[in-house]
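As structure tokens, the structure follows; a few thoughts come after it.
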Amino acid sequence: MARVLISMPERFLDEIDNLAVNENRTRSELIREALRTYMYRNQVRNSKRAEKNAELLDNLLS
9 MARVLISMPE RFLDEIDNLA VNENRTRSEL IREALRTYMY RNQVRNSKRA EKNAELLDNL
69 LS
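Be aware that the sequence shown starts at 9, since it is given in our numbering, and climbs by one per residue.
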């Protein structure tokens, strides 16, 4: 598995670590899940935007 080095404020990292401990998982697992969720939501948003644009174009061409 590849490793990635990121920078973040110490306070934010403390919050991430506390959440990971409370959920009984690693920091890496928590961050991977957060990124997967972000990417999924972004994909859904883009898909909805594409549908809306297609509908607008269809209305213009009708």
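Note that the Cβ used here is the ideal one computed from N, Cα and C, for glycine as well.
Opening and closing residue of the alpha helix (DSSP H) in which residue i lies
i           : result
residue 124 : As displayed, the chain neither begins before 9 nor continues past 70, which places residue 124 out of reach and without an answer.
residue 29  : 18-30
Straight-line Cα distance separating residue j from residue i
i          : j          : result
residue 56 : residue 37 : 29 Å
residue 27 : residue 45 : 16 Å
residue 51 : residue 41 : 15 Å
residue 65 : residue 59 : 10 Å
residue 18 : residue 25 : 10 Å
residue 30 : residue 21 : 14 Å
residue 9  : residue 35 : 15 Å
Own chain residues within Cβ distance below 7 Å of residue i, not counting five before or after
i          : result
residue 71 : The first residue shown for the chain is 9 and the last is 70, placing residue 71 beyond what the model contains.
residue 68 : none
CA nearest to the CA of residue i, picked from the options
i          : options           : result
residue 23 : 48, 53, 65 and 39 : 39
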